[in-house]
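Using the UniProt record's numbering, the letters of the sequence shown map in sequence onto residues 1 to 120.
Glycine included, each C-beta is placed from N, C-alpha and C at the ideal position.
Note that the coordinates shown come from a computational prediction; the quantities given were computed from them, not determined experimentally.
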Amino acid sequence: MGFDIPEPFVWDESFKVFYEQLDQEHKGLFDGIFKLAKAPSDGAALSNLAKLVNDHFAHEESMMKKANYDDFDSHHKAHVDFVATLKTVSCPVGADKLHWAKDWLVNHIKGTDFKYKGKL
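So, in structure tokens, the structure goes:
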């Protein structure tokens, strides 16, 4: 999409949104994808990633609503679209789907989440 995917695939300071809980959740998403990449046949790793995603999106969106964030609708749609695609993923998870998840997360944080810095 636009931003480089870090290798190894781990969160670093360049992904900081400056909301401690959201930064911790983003780290967890990186870790969830990393673990799934290490064990693409592990259904528990895929289920864990789905739970991390759903929990994070719900928390982030609640913060946006509370702050009357003006770009909520398009941000929410990006989340809905990601979850819909993630639901189509099954084990063993192919390299193409892992790349998609990594690329989406990197570009969503740096291209979309960064827009709410200082606004929540």
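- Under the three-state reduction of DSSP output, PHE18 falls in the coil class, being neither helix nor strand.
- In this structure the segment 29-43 lies against the segment 101-111, because at least three pairs of beta carbons, one per stretch, are closer than 8 Å.
- Contact between the segment 83-92 and the segment 13-27 is absent: fewer than three C-beta pairs spanning the two stretches fall below 8 Å.
- The beta carbon of VAL93 is closer than 7 Å to those of LEU36, PRO40, LEU46 in its chain, skipping five residues each way along the sequence.
- GLU13 is the residue among PHE9, GLU13, ALA95, ALA50 whose C-alpha sits nearest the C-alpha of PHE114.
- In this structure, HIS75 places its C-beta atom within 8 Å of the C-beta atom of THR112.
- Annotated three-state conformation of LEU29 is helix, per DSSP.
- The beta carbon of VAL17 sits closer than 8 Å to those of ASP23, HIS26, ILE109, ASP113, PHE114, TYR116, LYS117, all from its chain and outside the five residues before and after it, given in chain order.
- Just so you know, the alpha carbons of PHE72 and PRO6 end up roughly 27 Å apart.
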